[in-house]
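Student:
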Amino acid sequence: MLLLSMAAVARQRALCGETRCWPSTWILGCPKCASSSVWDLARGSLGFCGAELVGLLEGEAEWHQKETHFWSGRGVVNASMVPMIGELFTELYPVRRVGKDCAGYAEATPDNLKTAEAPSLLKKAAPKSVSALFRFVVVLREPIARDLSWYNHLRRLSLDLRSQMLDYCEVTGPYEEYARCQAERFEMPVHRAHEKGLWRGIYKPQLDSWARWFDRAQILVLDFDSLVFYNTSTHIRTLATFLGLQADDDNLPTTIPHTNARGNQQTTIDCEVRDLLDAIYAPWNAQLYALLDEDHRIGRAWDGEPPFRPFEPMPCTSA
19 MLLLSMAAVA RQRALCGETR CWPSTWILGC PKCASSSVWD LARGSLGFCG AELVGLLEGE
79 AEWHQKETHF WSGRGVVNAS MVPMIGELFT ELYPVRRVGK DCAGYAEATP DNLKTAEAPS
139 LLKKAAPKSV SALFRFVVVL REPIARDLSW YNHLRRLSLD LRSQMLDYCE VTGPYEEYAR
199 CQAERFEMPV HRAHEKGLWR GIYKPQLDSW ARWFDRAQIL VLDFDSLVFY NTSTHIRTLA
259 TFLGLQADDD NLPTTIPHTN ARGNQQTTID CEVRDLLDAI YAPWNAQLYA LLDEDHRIGR
319 AWDGEPPFRP FEPMPCTSA
């Protein structure tokens, strides 16, 4: 493990009271965009810890330490309860661990990015002096590749867990059937209102929601392919610098864990379906690129944020 960065420890302590803390680092998502890999990197190599939660099973406890779902609709996200949310949430992050076995605390619920009310609730619940110190990490993946990965994820779940995901489209057949179902439902109000289906991969409105409540320079936006495949070492150092760690430390890893990589899953799709989805996503992707370019051009983004690499087309096969 990387030796705990005293700068990171000091930054975390500034977010703590006498007995409990707010996490200094928030890995916002999106779902199936390497949030688990970034979490494992932060925990295993960068010295961060998660929520102090337990479960009936070891795997369940570990999952809850990574993602509390406090702000994404599964926890306490009622606006009328804002005054007590902060107290309840920070109980999960005791001050006694900071500087001992933790450089800081991280929260990594991947649904946070797409949950429209999450940034406003978080900003209202945290003291201003605290929320100004938060650091948010966003990794964005080519939307069709992300959706295919989500489909494979659902296929691995039990029927009961699938039903809780409220996806509305069956995953019992090939991805092409699932994708066509999602395309048909794309304009249905329930999908858009609850950030379901293909809306999960429409990133520009999601970033707008967070940048409306937090300074854009507090949000590091990375593209999935550069982080995971093409420029991993440089992006890890960028991430370390952003989080207040020692980016020149020789102990920094040069690869990122592929936490949820699995065999026995669909990896390519029919070109007709790829083109159907691309027609939906392309205008939104163009808006995303324009937003990120403007953020860099006028100085809204953190000055160490790398240029965003446009998504590569999803590979496909002709029938």
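Number 337 marks the last residue of the sequence shown (our numbering); no jumps.
Backbone N, C-alpha and C define an ideal beta-carbon position, used for all residues, glycine too.
Does the segment 248-260 come close enough to the segment 106-114 that 3 or more CB-CB pairs lie under 8 angstroms?
Tutor: In short, these stretches do not touch, since the Cβ pair count stays below three.
Student: Alpha carbons only, please: which of T190, H87 and L172 is nearest the one belonging to L140?
Tutor: For the purposes of this step, residue 140 is taken as the residue at position 122 of the sequence shown. The candidate whose alpha carbon is nearest that of L140 is H87.
Student: If you scan the segment 213-238 from start to end, which runs of the alpha helix (DSSP H) of 4 or more residues do you find wholly inside it?
Tutor: 221-231
Student: Checking the sheet assignment: what are the DSSP bridge partners for W44?
Tutor: The residue you call residue 44 lines up with position 26 of the sequence shown. DSSP lists E125 and F154 as partners of W44.
Student: Look up P145 in the DSSP assignment and give the residues it is bridged to.
Tutor: Position 127 of the sequence shown, counted from the first residue, corresponds to residue 145. Bridge partners of P145 according to DSSP: none are assigned.
Student: Of the residues P41, R234, C51 and S42, which one's Cα is nearest the Cα of I220?
Tutor: Taking the first residue of the sequence shown as position 1, residue 220 is located at position 202. Per the Cα distances, C51.
Student: Can you tell me whether F232 sits near the ligand COA, meaning its C-beta is under 6 angstroms from at least one heavy atom of the ligand?
Tutor: No copy of the ligand COA appears in this structure; indeed no ligand is present at all.
Student: Within 10 angstroms of the Cβ of H253, are there 16 or more other Cβ atoms? Answer buried if so, exposed if not.
Tutor: Translated into the one-based positions of the sequence shown, residue 253 becomes position 235. That one is buried.
Student: Which one of A197, A26, L306 and Y299 has the shortest CA to CA distance from K118?
Tutor: Position 100 of the sequence shown holds residue 118. Cα-wise, what sits closest to K118 is A26.
Student: With DSSP collapsed to three states, give me the class of I287.
Tutor: Reading the sequence shown from its first residue, position 269 is the one you call residue 287. I287 falls in the strand class under three-state DSSP.
Student: List the whole-angstrom C-beta distance separating A10 from E85, where the pair is believed to meet the contact cut-off of C-beta under 8 angstroms.
Tutor: Within the shown structure, residues of the chain are numbered from 19 to 337, placing residue 10 beyond reach of any answer.
Student: Flag this pair as yes or no: are the beta carbons of G215 and R203 separated by less than 7 angstroms?
Tutor: As a first step, residue 215 is located in the sequence shown; it is residue number 197 there, counting from the start. As a first step, residue 203 is located in the sequence shown; it is residue number 185 there, counting from the start. Yes, these two residues count as a Cβ contact at 7 angstroms.
Student: Closest by CA to V148, which one among S42, A121, V291 and R292?
Tutor: Within the sequence shown, residue 148 is the residue found at index 130, counting from 1. Cα-wise, what sits closest to V148 is S42.
Student: To the nearest angstrom, how far is the alpha carbon of S336 from that of E195?
Tutor: As a first step, residue 336 must be located in the sequence shown, where it is residue number 318. As a first step, residue 195 must be located in the sequence shown, where it is residue number 177. One Cα belongs to S336, the other to E195, and the distance between them is close to 16 angstroms.
Student: Can you name, in chain order, every residue of its own chain whose Cβ lies under 7 angstroms from the Cβ of F66, other than the five neighbours on each side?
Tutor: For the purposes of this step, residue 66 is taken as the residue at position 48 of the sequence shown. A distance below 7 angstroms between beta-carbons, with the five flanking residues on each side excluded, links F66 to the following residues of its chain, in chain order: T43, A60, C120, A121, G122, Y123 and A124.
Student: Out of curiosity, what's the CA-to-CA distance linking K146 and A28?
Tutor: Within the sequence shown, numbered from 1, the residue matching residue 146 stands at position 128. Within the sequence shown, numbered from 1, the residue matching residue 28 stands at position 10. Their backbone Cα atoms lie some 18 angstroms apart in a straight line.
Student: What does the alpha-carbon distance come out to for the pair G317 and Y169?
Tutor: Translated into the one-based positions of the sequence shown, residue 317 becomes position 299. Translated into the one-based positions of the sequence shown, residue 169 becomes position 151. Approximately 37 angstroms between the Cα atoms of the pair.
Student: Here's the rule I'm using: 16 or more other beta-carbon atoms within 10 Å means buried, otherwise exposed. How should A319 be labelled?
Tutor: Position 301 of the sequence shown, counted from the first residue, corresponds to residue 319. The residue is buried, with at least 16 neighbouring Cβ atoms inside 10 Å.
Student: With DSSP as the reference, identify every bridge partner of D296, one or two as the case may be.
Tutor: On the sequence shown, residue 296 is found 278 positions in, with the first residue counted as 1. None; D296 has no bridge partner.
Student: Leaving out the 5 sequence neighbours to the left and right, which residues in its chain are closer than 6 angstroms to Q30 when beta-carbon positions are compared?
Tutor: Within the sequence shown, numbered from 1, the residue matching residue 30 stands at position 12. Excluding positions up to five away in sequence, the list reads S42, V116 and G122.
Student: Would you kindly work out how many angstroms separate the C-alpha atoms of A300 and F107, rounded to a whole number?
Tutor: On the sequence shown, position 282 is the one that residue 300 refers to. On the sequence shown, position 89 is the one that residue 107 refers to. Going from the Cα of A300 to the Cα of F107 covers about 38 angstroms.
Student: T14 to S53, Cα distance in whole Å?
Tutor: Since the first and last residues shown for the chain are 19 and 337, residue 14 lies out of range.
Student: Once DSSP output is grouped into helix, strand and coil, what is the label at C199?
Tutor: Numbered from 1 along the sequence shown, position 181 holds the residue referred to as residue 199. It is helical.
Student: Could you tell me which residues DSSP puts in a beta bridge with R38?
Tutor: Taking the first residue of the sequence shown as 1, we reach residue 38 at position 20. Note: R38 sits in a beta bridge opposite P112.
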